[in-house]
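Undergrad:
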Amino acid sequence: MTTSPSPSSTFQVNVAPSGRTFEVSTGETLLAAGIRQGITLPYGCKDGACGSCKCRLLGGSVSHSKHTEAALSPAEEAAGWILTCCATPTSDVQLESRQVTAQNAFQVRKMPTRVQALRKVSTDVMLITLQLPANDNFHYHPGQYLDFLLRDGSRRSYSMASAAPNGAQIELHIRHLPGGKFTDHVFGAMQEKEILRIEGPFGSFFLREDSDAPIIFLASGTGLAPIKAILEQMDSAGIQRQSTLYWGGRRPSDLYLDAWLQNYAKDHAWFSYIPVISDAQTGDDWAGRTGLVHQAVLQDQPDLSSYAVYACGAPIMVESARRDFVNQAGLNEEAFYADAFISQADQPAI
1 MTTSPSPSST
11 FQVNVAPSGR
21 TFEVSTGETL
31 LAAGIRQGIT
41 LPYGCKDGAC
51 GSCKCRLLGG
61 SVSHSKHTEA
71 ALSPAEEAAG
81 WILTCCATPT
91 SDVQLESRQV
101 TAQNAFQVRK
111 MPTRVQALRK
121 VSTDVMLITL
131 QLPANDNFHY
141 HPGQYLDFLL
151 RDGSRRSYSM
161 ASAAPNGAQI
171 ELHIRHLPGG
181 KFTDHVFGAM
191 QEKEILRIEG
201 PFGSFFLRED
211 SDAPIIFLAS
221 GTGLAPIKAI
231 LEQMDSAGIQ
241 RQSTLYWGGR
251 RPSDLYLDAW
261 LQNYAKDHAW
271 FSYIPVISDA
281 QTGDDWAGRT
291 GLVHQAVLQD
301 QPDLSSYAVY
311 ACGAPIMVES
321 ARRDFVNQAG
331 LNEEAFYADA
341 FISQADQPAI
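So for the sequence shown, the numbering used here puts the first residue at 1; every next one is plus one.
As structure tokens, then:
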């Protein structure tokens, strides 16, 4: 719904069922205002392209800026759905978003961090370990992400790839995007002991522990990172929900932690791992699954009505999985949790 804004300088937003509230300045998007005030609205691309921030509008009115029909179709908009990343309120608003966390969510903080270790795990993926200041732990839900604060004021976002038993160290998986301001530095001049500034935690992609539904984890590329953190959390907390990870790559070399996952599956009877390659070549000697990774899930599980799905990776994979799992396999859309990574060379998210 689109209306003319009122003279008010701010609008009040209430999010059901959590009861969280926040204010939005005139001309500010719902998502930007929520993030600014520590409200973990779901999102991915922040650009109206992936649909990860889709919420139901229960009351009030908004104005949408440009977005793709794949992210929000005219029929969905007519049915009361909005994209918070490109929706500005024109009145007080009530949203429904079951991914928004309670008031006691971890506080967003800024702090310095030191590069403790750099390990190149494939031709274009670097595993970085960050050391946080002593006695100043960084608390987060495994699956969330942090922002690097660059000197020119820009940001680069990366999911934590490790659980946080003490918060002293953080593991990140960073893919090299040639021409990317930050990733060129990571794969070029970055050295151990370098000091960087971070802010976080952000994001609503983390394990919901109020359910015992079996889990499908779905990842492409470095979308593995937050899922690895969740797996470490499940291991340390003794959570044994039946879980299967489908990890997709173009070539076998893209599966940079394949051995780690194979060993994890051997050590945990409740966990299965299925690697999927979309563009195997003759010289790869690949005998495993091929094709699109989300279609491999549908081949194995044509009925997803009793499952929870945690998907992380390229927006096209995440949105294809959301659409097909709901429409073809009966997945409850509220049981689909996602983090879509953008991959622009000049402003990568991972």
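For every residue, glycine included, the Cβ atom is placed at its ideal position computed from N, Cα and C.
1. Let me check understanding here. Comparing Cα to Cα, which of Gly38, Ile195, Arg251 and Arg56 lies closest to Pro112?
2. Would you kindly report the start and end of the unbroken alpha helix (DSSP H) that includes Ala225?
3. Taking all protein chains shown into account, do 16 or more other C-beta atoms lie within 10 angstroms of the C-beta of Leu58, making it buried, or fewer, making it exposed?
4. What are the start and end residues of the beta strand (DSSP E) that includes Ile35?
5. By DSSP, does His185 sit in helix, in strand, or in coil?
6. In terms of alpha-carbon separation, which member of Ala79, Cys53, Asp136 and Phe336 lies closest to His67?
7. Taking the straight line between their C-alpha atoms, what separation do you get for Ile277 and Pro315?
8. Tell me whether Ala161 sits in a helix, a strand or coil according to DSSP, three-state version.
9. Along the chain, where does the alpha helix (DSSP H) that runs through Met190 open and close?
10. Can you give me the C-alpha to C-alpha distance between Ala164 and Arg156, rounded to a whole angstrom?
11. Mind pulling the beta strand (DSSP E) runs of 3 or more residues that sit fully within the segment 57-126?
12. Taking only three categories from DSSP, how would you classify Pro180?
13. For Cys55, list the residues DSSP reports as bridge partners.
14. Following a CB-centred definition, is Glu199 positioned closer than 7 Å to any heavy atom of the ligand MG?
15. Nearest to Leu255 by alpha carbon, out of Arg289, Gln94, Gln242 and Asp235?
16. Between which two residues does the alpha helix (DSSP H) harbouring Tyr264 extend?
17. Using only the alpha-carbon positions, how far apart do Ala264 and Pro133 sit?
18. Can you tell me which of the three DSSP states Phe205 falls into?
19. If you follow the alpha helix (DSSP H) that His294 is part of, which residue opens it and which one closes it?
20. Excluding sequence positions up to five away, which residues of its chain have a Cβ less than 6 Å from the Cβ of Asp92?
21. Identify whether Arg251 lies in helix, strand or coil by the three-state DSSP scheme.
22. Check whether the segment 240-247 touches the segment 210-220, taking contact to mean three or more Cβ pairs, one atom from each stretch, closer than 8 Å.
23. According to DSSP, Gln169 sits in a beta bridge with which residue or residues?
24. Leaving out the 5 sequence neighbours to the left and right, which residues in its chain are closer than 7 Å to Leu193 when beta-carbon positions are compared?
25. Quick check: the Cα distance between Gly80 and Ser305, rounded to an integer number of angstroms?
26. Would you call the CB atoms of Leu30 and Thr84 closer than 8 Å?
27. Rounding to the nearest angstrom, what Cα-Cα distance links Asp267 and Thr88 in this structure?
28. Kindly confirm or deny that the segment 32-42 and the segment 67-77 touch, where touching means at least three C-beta pairs closer than 8 Å.
29. Ala329 lies in the alpha helix (DSSP H); which residues open and close that run?
30. Just the Cα atoms here: how many angstroms apart are Ala340 and Lys120?
31. Do Phe205 and Pro226 have their C-beta atoms within less than 8 Å of each other?
TA: Per the coordinate set shown:
1. The shortest Cα separation from Pro112 among Gly38, Ile195, Arg251 and Arg56 belongs to Ile195.
2. Per DSSP, the unbroken alpha helix (DSSP H) holding Ala225 starts and ends at Leu224 to Ala237.
3. The residue in question, Leu58, is exposed, as its Cβ has fewer than 16 Cβ neighbours within 10 Å.
4. The continuous stretches of beta strand (DSSP E) do not include Ile35, which lies in the alpha helix (DSSP H) extending over residues Leu30 to Arg36.
5. It is helical.
6. Closest by C-alpha distance to His67, out of Ala79, Cys53, Asp136 and Phe336, is Cys53.
7. Roughly 18 Å between the two C-alpha positions.
8. DSSP places Ala161 in coil when its eight states are reduced to three.
9. That residue, Met190, is in no alpha helix (DSSP H); it is neither H nor E in DSSP.
10. One C-alpha to the other measures close to 21 Å.
11. Within the segment 57-126, the complete beta strand (DSSP E) runs of at least 3 residues are 62-64, 81-83, 87-89, 93-96 and 109-122.
12. In the sequence on display, residue 180 carries Gly and not Pro. In this structure, DSSP gives Gly180 a state outside helix and strand, which the three-state scheme calls coil.
13. DSSP output for Cys55 lists Ile82 as bridge partner(s).
14. Among the ligands in the structure shown, none appear at all, so the ligand MG cannot be discussed.
15. With distances taken between Cα atoms, Leu255 lies closest to Arg289.
16. Run containing Tyr264: Asp258 to Asp267, per the alpha helix (DSSP H) assignment.
17. Note that residue 264 is Tyr in the sequence shown, not Ala. Cα-Cα distance, rounded: 30 Å.
18. Here Phe205 sits in coil by DSSP.
19. Secondary structure note for His294: its alpha helix (DSSP H) is the uninterrupted segment Val293 to Asp300.
20. Within the same chain, Asp92 has close Cβ partners Phe11, Gln12 and Gly60.
21. Look at Arg251 here: in three-state DSSP terms it is coil, with no helix or strand label.
22. Flag = yes, the segment 240-247 and the segment 210-220 touch.
23. DSSP, once it has assigned bridges, lists Gln131 as partnering Gln169.
24. One detail in the question is off: residue 193 reads as Lys in this sequence, not Leu. Only Arg114 and Val115 meet the Cβ criterion.
25. The C-alpha of Gly80 lies about 24 Å from the C-alpha of Ser305.
26. The Cβ atoms of Leu30 and Thr84 sit closer than 8 Å to each other.
27. Straight-line Cα distance between these residues: approximately 49 Å.
28. Segments in contact, no.
29. Bounds of the alpha helix (DSSP H) holding Ala329 are Pro315 to Ala329.
30. If I take the Cα positions, the gap works out to 23 Å.
31. Yes.
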